[in-house]
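Each remark here refers to the structure printed beneath this line.
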Amino acid sequence: MLFAIYSLLSAALFAVLDAGDVALTEAAVGAGISTILMLALLALVPRQEADAPRPNWPALAVVALTGSVLIYATLDFPEFGNPDNPVQTHVGPYYVEETYNDMGIPNMVAAVLASYRSIDTMGEGFVILTAGLAVYALLGGRRRRPKAKTTKRENGAP
Amino acid sequence: MRSNGILRIVARFLIPLIMLFALYIQFHGEYSPGGGFQAGVVFAAAWILFALIYGLDAALDVIPERAMYVLMLLGVLIYAGVGVAGVILGGHFLDYRPLLDDPQYAQQLGIVTVELGIGITVSTVTMLIFTMFVQRKSESLESEPLESEEQD
Numbered sequence: 001m002l003f004a005i006y007s008l009l010s011a012a013l014f015a016v017l018d019a020g021d022v023a024l025t026e027a028a029v030g031a032g033i034s035t036i037l038m039l040a041l042l043a044l045v046p047r048q049e050a051d052a053p054r055p056n057w058p059a060l061a062v063v064a065l066t067g068s069v070l071i072y073a074t075l076d077f078p079e080f081g082n083p084d085n086p087v088q089t090h091v092g093p094y095y096v097e098e099t100y101n102d103m104g105i106p107n108m109v110a111a112v113l114a115s116y117r118s119i120d121t122m123g124e125g126f127v128i129l130t131a132g133l134a135v136y137a138l139l140g141g142r143r144r145r146p147k148a149k150t151t152k153r154e155n156g157a158p
Numbered sequence: 159m160r161s162n163g164i165l166r167i168v169a170r171f172l173i174p175l176i177m178l179f180a181l182y183i184q185f186h187g188e189y190s191p192g193g194g195f196q197a198g199v200v201f202a203a204a205w206i207l208f209a210l211i212y213g214l215d216a217a218l219d220v221i222p223e224r225a226m227y228v229l230m231l232l233g234v235l236i237y238a239g240v241g242v243a244g245v246i247l248g249g250h251f252l253d254y255r256p257l258l259d260d261p262q263y264a265q266q267l268g269i270v271t272v273e274l275g276i277g278i279t280v281s282t283v284t285m286l287i288f289t290m291f292v293q294r295k296s297e298s299l300e301s302e303p304l305e306s307e308e309q310d
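Chains as they are written, first to last, in this note's numbering: chain A, 1 to 158; chain B, 159 to 310.
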């Protein structure tokens with residue numbers, strides 16, 4: 001539930017920052033589908049949690065060290081919103097200026113996603129497909145058991 | 159099954175709207191925020207809402223599981239097929255410009271087609287994962303006593 005609220009708040013933040021595409025994704029995936037899948041998963045697993053024996057000090061030390069290194073690394077970040085930042089001077093201006101001439105469509109996010117960086121997006125599609133196949137491989141095997149008692153056990157899908 | 163009258167009426171009103179909104183952000187994605195990923199997830203959310211209220215069996219009558227397998231593969235095939243079509247017509251892989259004479263229209267055609275492929279894959283994979291979880295749960299509820307004697 002906290003995850004859903006967190007996702008909804010980040011979606012609102014993205015909407016405030018004028019990133020409509022990301023806000024839509026965060027609201028649909030983060031607040032909607034993830035919550036449903038998390039609840040479905042919680043229904044599958046046992047309710048009891050094993051008692052933690054005692055605090056794990058080495059693990060806490062590793063986490064604290066990693067966190068402080070990450071925070072230290074953010075000190076080197078360029079200033080937020082500075083027009084001279086690398087992100088504003090590399091390929092970004094080309095997309096902003098030339099998308100409409102190249103594609104004739106106003107949504108730069110769609111243009112970058114589906115045309116300039118099309119192969120990345122295809123990879124993401126295959127990642128999603130792989131996720132579906134993995135869940136099928138883990139959970140889909142013995143589905144027809146109760147019904148198929150009279151007939152021979154058949155395979156689920158091609 | 160309980161009747162849940164209010165839920166059913168509200169869902170009957172909402173589900174078409176959600177699906178319509180999904181189609182809108184699918185096919186209007188070049189002009190306004192949206193695209194295949196978002197549209198696929200929203201469409202799957204409408205189907206999951208239907209499954210939550212009317213039961214998974216009714217939902218699987220609408221979109222059977224076998225159709226999900228076919229469609230989730232078809233989605234990435236559409237995507238890759240657009241890329242291969244570009245190669246066949248004399249360009250690079252996933253280069254949309256050879257598809258039509260006007261380069262802008264060709265880009266738009268390519269973008270709309272690959273977004274459609276992404277949308278199909280994302281929505282069916284989401285539905286499939288939900289179906290798998292729910293089936294596993296109902297199966298473990300039903301066949302718990304059988305489990306010990308039926309080990310093979």
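For every residue, glycine included, the Cβ atom is placed at its ideal position computed from N, Cα and C. Here the structure is a predicted model, which means the values were calculated and not measured.
- Ranked by Cα distance from B:Leu214, the first of A:Thr25, A:Leu65 and A:Ala40 is A:Ala40.
- For A:Gln48, there is no enclosing alpha helix (DSSP H), since its DSSP letter is neither H nor E.
- When the beta-carbon positions are compared, B:Gly194 and B:Gly275 come within less than 9 Å of each other.
- Excluding residues up to 5 positions away in sequence, Val200 lie with their Cβ nearer than 8 Å to the Cβ of B:Phe179 in the same chain.
- Apart from sequence neighbours up to five positions away, the residues of its chain that approach A:Tyr95 with a beta-carbon distance below 8 Å are Met108, Ala111, Val112 and Tyr116, ordered along the chain.
- The beta carbon of B:Ala264 is closer than 8 Å to those of Tyr254, Arg255, Pro256, Leu257 and Leu258 in its chain, skipping five residues each way along the sequence.
- Taking the CA atoms as reference points, B:Ile278 sits about 20 Å from B:Tyr189.
- Listed in chain order, the positions of the region 257–270 of chain B with a beta carbon within less than 8 Å of a beta carbon of chain A are Pro261, Gln262, Tyr263, Gln265, Gln266, Gly268 and Ile269.
- Pairing B:Gln262 with A:Asp102 gives a Cβ-Cβ distance under 9 Å.
- Separation of A:Val45 and A:Gly20 (C-alpha to C-alpha, rounded to the nearest whole angstrom) is 36 Å.
- Around B:Met177, no beta-carbon contact reaches into chain A at under 9 Å, the shortest distance being about 13 Å.
- The region 230–241 of chain B makes no contact with the region 60–75 of chain A: fewer than 3 CB pairs, one atom from each, lie closer than 8 Å.
- A:Phe14: member of the alpha helix (DSSP H) spanning Leu2 to Val16, first to last residue.
- By the neighbour-count criterion, in which a residue is buried when 16 or more other Cβ atoms sit within 10 angstroms of its Cβ, A:Ala12 is exposed.
- For B:Ala243, the uninterrupted alpha helix (DSSP H) segment begins and ends at Glu223 to Ile246.
- Sequence-distant partners of B:Met285 (beyond 5 residues in either direction) whose C-beta falls short of 8 Å from its own C-beta, in its chain, are Ala202, Trp205, Ile206, Ile221 and Met226.
- Interface annotation, A:Pro106: in contact with chain B, CB-CB separation under 9 Å.
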